[in-house]
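Participant: Shown below is the structure under consideration.
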């Protein structure tokens, strides 16, 4: 997956000024860390390269991040947490209603949180501009301070406005940042900040420093409505693919099993027809052999002579002597030259079979090995 990193300019002080009509610094990388740079330079918005994900990096002066541990917020989440934000930040931030607040929460300690504040109008303008450009993939907005190490100092360019001091962004904690006046020696001395801490590397040259968790400013009313579906798809994509592969394999297996059963049925039908042709040579090919044999058996069972050696007649005799035995008492039947040999399963009451054979005038001879000859 490719990621397009775009460095945003500082929010203009004049509302009528449009700063997105100028070339923007960008870097196109591969998502493996450390990021492998594929392309780097400046371009207008409509000339930026296409990527699967876009990350906008806000100017350090446009975002304030405060890191706090508040035990009272440990059990709060969702709407209740949003309701407490004004009272929580009123001592830290002026004009709270004009700022959008994004939240980071420690997974292991819910009481430890970080709050990122950005001008609401400015954020809305950023999204309205880049939502037209980003045609696919998620769009994230990250503060620039996350691209410097904790305890480091990065000087902020003053090319667009005239300021009394030269400013720098100081990353005090993992999330918390401060704006430091570099031309105020008293402030630097009081906070133990030295000019030697200043990083001279460009912002897009510090992508490798983005290793810890960060705050995505697209939260609450600014969240990407489609991002939830994309995130869920990315999370469950492999499971869904495996499920469909398993379903396809299962379907193919069931169909192969069905084909094998159909083949076995065809073989049994041919064997049945061959047996029927031997017993009834005049049997037409278009008649069901099972029905023909059943008809012949019924006729033989009712009117055939007891000394007849026909297969159907002998089967009728077998049914008479097995009337008191289980339906699966016979394990094997062999018919050859007018003799019917029957192999009975172990445990069959042979005395009862002999009694039934005597009462029905059926001759039953013991061949051995559990096999009996019926005449």
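In this note's numbering, the protein residues as written are 428 to 802. Don't be surprised by glycine CBs; every beta carbon is placed ideally from N, CA and C. As the structure is a prediction and not an experimental result, all values here were calculated from the model.
Grab the span of the beta strand (DSSP E) containing residue 627 for me, first residue to last.
Facilitator: Careful: residue 627 lies outside any beta strand (DSSP E) and carries neither H nor E.
Participant: According to DSSP, is residue 462 part of a helix, a strand, or is it coil?
Facilitator: Coil.
Participant: Decide if residue 438 is buried, meaning its Cβ has at least 16 other Cβ atoms within 10 Å, or exposed.
Facilitator: So residue 438 counts as buried.
Participant: Return the bridge partner residues of residue 766 from the DSSP annotation.
Facilitator: BP columns for residue 766 point to 763.
Participant: In the structure shown, what three-state DSSP assignment does residue 478 receive?
Facilitator: The answer is coil: DSSP assigns residue 478 none of H, G, I, E or B.
Participant: What's the C-alpha gap between residue 490 and residue 466?
Facilitator: Their Cα atoms are separated by approximately 27 Å.
Participant: Got a sec, what are the start and stop residues for the alpha helix (DSSP H) residue 614 sits in?
Facilitator: Element bounds for residue 614: 612-617.
Participant: Which same chain residues, not among the five before or five after residue 779, have their C-beta less than 8 Å away from its C-beta?
Facilitator: For residue 779, where only same-chain residues beyond five positions count, the Cβ hits under 8 Å are 751, 752.
Participant: What first and last residue would you give for the alpha helix (DSSP H) that runs through residue 556?
Facilitator: Taken as a continuous stretch (DSSP letters only), the alpha helix (DSSP H) holding residue 556 covers 547-560.
Participant: Just to confirm, is the Cβ distance from residue 485 to residue 430 under 8 Å?
Facilitator: For residue 485 and residue 430, no; Cβs fall outside 8 Å.
Participant: Assign residue 772 to one of three DSSP states: helix, strand, or coil.
Facilitator: Of the three classes helix, strand and coil, the one that applies to residue 772 here is coil, per DSSP.
Participant: Just reading off the beta strand (DSSP E) that residue 495 is part of, what are its end residues?
Facilitator: Counting along the chain, the beta strand (DSSP E) containing residue 495 begins and ends at 490-496.
Participant: Alpha carbon to alpha carbon, what distance is there between residue 700 and residue 718?
Facilitator: So the two alpha carbons sit approximately 11 Å from each other.
Participant: DSSP beta-bridge partners for residue 698?
Facilitator: Answer is none; residue 698 lacks a bridge partner.
Participant: On the DSSP bridge list, what partners appear for residue 677?
Facilitator: According to DSSP, residue 677 bridges with nothing at all.
Participant: So, with DSSP's three-state summary, where would you put residue 623?
Facilitator: Note: residue 623 maps to helix in three-state DSSP.
Participant: Following the continuous alpha helix (DSSP H) through residue 747, name the residue where it begins and the one where it ends.
Facilitator: First-last of the alpha helix (DSSP H) with residue 747: 738-748.
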